[in-house]
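The structure under discussion appears below in the form of structure tokens.
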Amino acid sequence: MLFRATEYFRKITDISPDFLVENDVKGIILDIDNTLTTHDNPVPAEGVTEWLEQVRKKKIRLVIVSNNHPPRVMPFAESLGIKCICEGKKPLPTGFKQALEWLGIPKKNVVAIGDQIFTDVLGANLSGIRILYTAPIELEKTTFFKVKRTLEKPFLPKKFR
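Following this line, the structure appears as structure tokens:
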């Protein structure tokens, strides 16, 4: 189903690098806001920098695809040494396709990781990429996100890994 993830995790740091290797992952398409850090925060969430280092040690390639604008995405991505695609148009496959080209890895060896059902999960599924859903780091306070998160509830898991 288009709104279901391959696996569900509480946070990105719960996805062990060994789990990724065991599942033949060689590339990851990452979301930023509420996946790697809170909205508009220039600093990665606790443990994210170390998690990225462990993933890199497993020779897994990384790219960020965000719907946010370059002034937000580029400095954050550069601080982590990760290439990025800004204004990725998720859930459309545009940003995912570009990320796959940059990674140069077959789809079967790539996962996307994100916190939103209607952008990250739907976009990865439309692109034929496995998706690892992470619960948002914090719930957004704007009306738009409150409505969106309410609409996502029927598609959320009862259990996380």
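Heads up: the sequence shown begins at 3 in this note's numbering, then just goes up one per residue. A virtual CB, placed ideally from N, CA and C, is assigned to each residue, including glycine. What you are looking at is a predicted structure, and each value in this text was computed from that prediction instead of being measured.
{"Item": "Range of the contiguous beta strand (DSSP E) that encloses R6", "Value": "First-last for R6: undefined, no H or E at that position."}
{"Item": "Where the beta strand (DSSP E) through K155 begins and ends", "Value": "Careful: K155 lies outside any beta strand (DSSP E) and carries neither H nor E."}
{"Item": "Beta-bridge partners of K91, as assigned by DSSP", "Value": "K91 pairs with nothing; no bridge assigned."}
{"Item": "Beta strand (DSSP E) runs contained entirely in the region 9-83, provided each spans 3 or more residues", "Value": "9-11, 29-32, 63-67"}
{"Item": "Beta-carbon proximity list for F120, same chain, < 8 Å, skipping 5 on both sides", "Value": "F5, P93, K150, L153, E154"}
{"Item": "Assigned exposure category for S129 - 16 Cβ within 10 Å defines buried", "Value": "buried"}
{"Item": "Expected contact under 8 Å - CB spacing of I131 and I62 to nearest Å", "Value": "About 14 Å; that fails the 8 Å criterion."}
{"Item": "Per-residue burial, V45 [other beta carbons within 10 Å of its own, 16 or more giving buried]", "Value": "exposed"}
{"Item": "Three-state class that DSSP yields for I115 in the structure shown", "Value": "strand"}
{"Item": "Proximity of S68 and V75 at Cβ, strictly below 8 Å", "Value": "yes"}
{"Item": "Three-way DSSP call (helix, strand, coil) for L134 in this model", "Value": "strand"}
{"Item": "Any 3 or more C-beta pairs closer than 8 Å across the region 12-20 and the region 83-97", "Value": "no"}
{"Item": "Continuous alpha helix (DSSP H) stretch holding F98: start and end", "Value": "96-105"}
{"Item": "Reduced DSSP secondary structure (H/G/I, E/B, other) of K150", "Value": "helix"}
{"Item": "First through last residue of the alpha helix (DSSP H) which encompasses F128", "Value": "Just to set this straight, residue 128 is Leu in the shown sequence, not Phe. 124-128 is the extent of the alpha helix (DSSP H) around L128."}
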